[in-house]
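Notes follow once the structure below has been shown.
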């Protein structure tokens, strides 16, 4: 190896990495074209958007669309519901993949472990259109759950039309669908833990529980923090597919979220209002991500955080 | 945080603040300006010898249709135009159409289903003004048909005193919608006539629930699974028997009121609450937001009544694909009968209908520079409205080539049976082949190039005697009750309030039926409905009703004794 290569490179050695850069270009173009350029369209949140006048020709209305949003009956309600559902999802569901990964990690039989893993992440690939149909059937008046309830001599319970039960079903089925998929990342970081640590622990007389507590869990913390920060960004989106396919008029009060609200506005061609709602959602999400990251870096003295 | 990052954040934040504070505040929106038409209609000349090119986005649901059908070519030849049809199904209409319009691709002729859509088109500058006088001048016969069968449609395309489209009528839609009973079940539980009153319906549902009509020894049947997938369907037949349309504007003592706030609505809700409490209704009905369950439980023999099933072709026991045929597939002994509207307290049958006013055809803004095209299309509409032959050709194709009329059912030389009435001829009788030709059978939706149906004028003659008799027996026009303004969304502020109000009302009513909310809280519902924008809607609705009288005078609607 030459001396030159050992010297820390000044700037980015473009020429040497041309191959890699050219491979990355399509992706960069993709993000520019489909994620950054459309952001310019956000200006219609501050305009009275008239399609024939175009985005730039439409008249400015300042904050009027936002005033309309927050003075309406439904939007503040939708924000409240979105936050409630998201926070519940986070509180109840955040540790599910961690626990699943830890449990799987303890399984020694490779075949058994792999099939369990496949079974648990399979639901991730099912569309909510199908899953909702299945859950509506399972929890419906004539479904298996109510058949058991009836056997117990209790009157059938209308789970899906009850506000509390509906939200509970929403969250539990959401966890069921996502936990297996979420565990994959944790499994990856588990496999990265050095076996030396465990060997040392065994020599010190630590049992499996102590090993989990003092080695495995602390090793997972950086991954958990990263995923937590990322999921904070999604706190303003409470899972549109699932809710849209499962809700009914009776739980509208607790299940109408920002996304379903935006969809209703879009169908009415009220693009400015829908954009304003979407922008609010995005800005809050970004503030949360950035804030959480700063916080994580602060308390870990710059060691943790996404960036 | 490193210094660089800090600087970066500060720069980003201050730029944001700067940009946001620079956003001009101009709270007076000027988009919805109603400008007078720049067209000098008096002097518009349409030279019939000049070939015109017209792009045409017609009525939706023409899936599988293609350009160049016989019907299209026939019209092109007769009116010396080149038609470029844009076919859309309901999904494309909702999702693809806005993109098409934003992209600047505005068709010359555009069909819209409701007044709200017309106002969205107007607001976005896609359509031009079409003064009533112009319609009157070029379409005298057409105007008479609208006046006769759907005069409310005159207000569908009106905004701030100007008109923006040609209304269409569907003279078949002013018949009340009806439900369907399992007659074999009714007989089994000791009832031998179709229920005619609320009390009889109650009793029938009760016996179907508790007297084991399917004879399997289990109490596993429900009376009915109400379809709540659309506000126009939710318990509509029961409300109608109380003379009220809960999700429509109605007239009471010369004023326009909202049906859902009337005392009769409360009475009907009390009755429905009782039915639910007695266990007569499928408890899963509130989950059925797509209306699929309501249908499948009836087909599977879990309930004995369904609403709406209201065309003769649903009731064909020997057709496997018909509704009747599907029920027979599960239970060969099933017998279905239509249930005409229930009688109200005065013994009068009442049922909700859509009314004759149908939709709106609009003209693209670009035609302000080619008003001759508008005139040509209006002349075409007039010609179709005034000629039985052309009307039928535009709907079904050429008689003798695409279809034939058989006074009685018989067997064709090729061994196929011919139904009574209009039959499509081979090869057009193959499934979807008729649709490819933009042909629609009578009694269905309106046709692509002429989205109006004048049933009593032309169609009834070509309906089979059996169907005619069926409609007369089960769905008489005079039993129908429709929205007093045709469609509630003619009210200017409906876009802002109506959708949310309808949602709120639907939720509240279902809660009351289920007992999650006391029916006696009806008054607080009324107050809340009014507070959430309902008062604005009602005020404007009354204003619209005053305006509609002026339009009626203008277009010559005769004051008939109603």
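Residue numbers (this note's numbering), protein chains in the order written: chain Y, 1 to 307; chain H, 308 to 869. For each residue, glycine too, the CB sits at the ideal point set by N, CA and C. Every value quoted in this text rests on a predicted model; they were computed, and no experiment measured them.
Residue i lies in the beta strand (DSSP E); which residues open and close that run?
i	result
residue 474 of chain H	473-476
residue 712 of chain H	710-713
residue 58 of chain Y	Run containing residue 58 of chain Y: none; DSSP gives neither H nor E here.
residue 452 of chain H	Unbroken run through residue 452 of chain H is the alpha helix (DSSP H), 447-456; no beta strand (DSSP E).
residue 392 of chain H	388-393
residue 564 of chain H	562-565
residue 557 of chain H	556-559
residue 611 of chain H	610-613
residue 583 of chain H	It is not in any beta strand (DSSP E) - residue 583 of chain H instead sits in the alpha helix (DSSP H) that spans 570-584.
residue 49 of chain Y	That residue, residue 49 of chain Y, is in no beta strand (DSSP E); it is neither H nor E in DSSP.
Can you tell me whether residue i is buried or exposed? The criterion is at least 16 other CB atoms within 10 Å of its CB, across all chains shown.
i	result
residue 152 of chain Y	exposed
residue 335 of chain H	Legend: pLDDT at residue 335 of chain H = 43, less than 50; position of this residue unreliable, no value from coordinates given.
residue 676 of chain H	exposed
residue 360 of chain H	exposed
residue 118 of chain Y	exposed
residue 560 of chain H	exposed
residue 851 of chain H	buried
residue 259 of chain Y	buried
residue 907 of chain H	Look at the range of chain H in this structure, 308 to 869, and you will see that residue 907 of chain H is not part of it.
residue 666 of chain H	buried
residue 811 of chain H	buried
residue 141 of chain Y	buried
residue 562 of chain H	exposed
What span of residues does the alpha helix (DSSP H) with residue i cover, start to end?
i	result
residue 92 of chain Y	74-93
residue 509 of chain H	505-517
residue 250 of chain Y	Unbroken run through residue 250 of chain Y: none, as it is neither H nor E.
residue 261 of chain Y	258-267
residue 599 of chain H	599-606
residue 549 of chain H	Where residue 549 of chain H is concerned, there is no enclosing alpha helix (DSSP H), given that its DSSP letter is neither H nor E.
residue 492 of chain H	490-495
Could you tell me the distance, in whole angstroms, from the CA atom of residue i to the CA atom of residue j?
i	j	result
residue 308 of chain Y	residue 39 of chain Y	In the structure as shown, chain Y starts at 1 and stops at 307, and residue 308 of chain Y therefore has no counterpart that could be examined.
residue 337 of chain H	residue 59 of chain Y	Unreliable positioning characterises residue 337 of chain H in this predicted model, as indicated by a pLDDT of 44, which lies under 50. The coordinate reading is nonetheless provided below. Cα to Cα, the separation comes out at about 7 Å.
residue 64 of chain Y	residue 274 of chain Y	13 Å
residue 574 of chain H	residue 549 of chain H	8 Å
residue 391 of chain H	residue 374 of chain H	7 Å
residue 557 of chain H	residue 551 of chain H	8 Å
residue 709 of chain H	residue 588 of chain H	46 Å
residue 749 of chain H	residue 711 of chain H	Here residue 749 of chain H scores only 40 on pLDDT, less than 50, and its place in the model should not be relied on; the value that follows carries that caveat. Going by the C-alpha atoms only, they are around 12 Å apart.
residue 471 of chain H	residue 670 of chain H	8 Å
residue 424 of chain H	residue 518 of chain H	49 Å
residue 544 of chain H	residue 765 of chain H	30 Å
residue 339 of chain H	residue 583 of chain H	Low per-residue confidence applies at residue 339 of chain H: pLDDT is 47, beneath 50, and the placement is therefore not dependable, though the value from the model is reported in the following sentence. Approximately 47 Å, taken between the alpha carbons.
residue 733 of chain H	residue 706 of chain H	12 Å
residue 266 of chain Y	residue 416 of chain H	23 Å
residue 780 of chain H	residue 619 of chain H	11 Å
residue 163 of chain Y	residue 253 of chain Y	8 Å
residue 824 of chain H	residue 816 of chain H	9 Å
residue 701 of chain H	residue 759 of chain H	11 Å
residue 581 of chain H	residue 820 of chain H	8 Å
residue 305 of chain Y	residue 102 of chain Y	23 Å
residue 841 of chain H	residue 806 of chain H	11 Å
Given that residue i touches chain B, what residues does it touch there, using C-beta distances under 7 Å?
i	result
residue 807 of chain H	Included in the structure are the protein chains Y and H, with no chain B among them.
Write down every uninterrupted run of the alpha helix (DSSP H) in the segment 90-155 of chain Y whose length is 4 residues or greater and which is fully enclosed by it, in chain order.
-> Considered as a whole, the segment 90-155 of chain Y harbours 96-106, 110-121, 128-139 and 144-151 as its complete alpha helix (DSSP H) runs of no fewer than 4 residues, in chain order.
Check each residue of the segment 755-773 of chain H: if its Cβ is closer than 7 Å to any Cβ of chain Y, include it; give the result in chain order.
-> Answer set for the segment 755-773 of chain H: empty.
Which residues, taken in chain order from the segment 255-267 of chain Y, show a beta carbon closer than 9 Å to some beta carbon of chain H?
-> 256, 264, 266 and 267
Kindly provide the ranges of any beta strand (DSSP E) runs that are 3 or more residues long and lie completely inside the segment 646-684 of chain H, ordered along the chain.
-> 664-670
What are the start and end residues of each continuous alpha helix (DSSP H) run of 4 or more residues lying completely inside the segment 206-233 of chain Y, in chain order?
-> 208-211 and 217-233
Contact residues within the segment 816-834 of chain H, judged by C-beta distance below 8 Å to chain Y = 817, 818, 821 and 823
Output, in sequence order along the chain, the residues in the segment 574-595 of chain H whose CB is closer than 7 Å to any CB in chain Y.
-> Flagged, chain order: 590, 591, 593 and 594.
Enumerated in chain order, which unbroken segments of the beta strand (DSSP E) with a length of 3 residues or greater are wholly contained in the segment 724-806 of chain H?
-> Counting only runs of 3+ residues, the beta strand (DSSP E) found wholly inside the segment 724-806 of chain H occupies 728-731, in chain order.
Counting only runs of 4+ residues fully inside the segment 360-431 of chain H, write out the alpha helix (DSSP H) ranges in chain order.
-> 377-386, 397-409 and 422-430
At a Cβ cut of 8 Å, what residues of the segment 130-164 of chain Y count as close to chain H, listed as they run along the chain?
-> 136, 140, 141, 142, 156, 158, 160 and 161
Near-chain Y residues of the segment 400-411 of chain H - C-beta to any C-beta below 7 Å | 401, 405, 408 and 409
For the segment 244-255 of chain Y, which residues have a CB atom closer than 8 Å to at least one CB atom of chain H, in sequence order?
-> 247, 248, 249, 250, 252 and 253
Could you please tell me which residues of the segment 345-370 of chain H, in chain order, have their CB closer than 7 Å to any CB of chain Y?
-> none
Any alpha helix (DSSP H) of 4 or more consecutive residues that is wholly inside the segment 813-859 of chain H | Entirely contained in the segment 813-859 of chain H, the alpha helix (DSSP H) runs reaching 4 residues are, in chain order, 829-836.
With 9 Å as the C-beta to C-beta threshold (strictly closer), list the residues of the segment 415-427 of chain H near chain Y in chain order.
-> 423, 424 and 427
Using a Cβ cut-off of 7 Å, which residues of the segment 32-55 of chain Y contact any Cβ in chain H, in chain order?
-> 46, 48, 50, 51, 52 and 53
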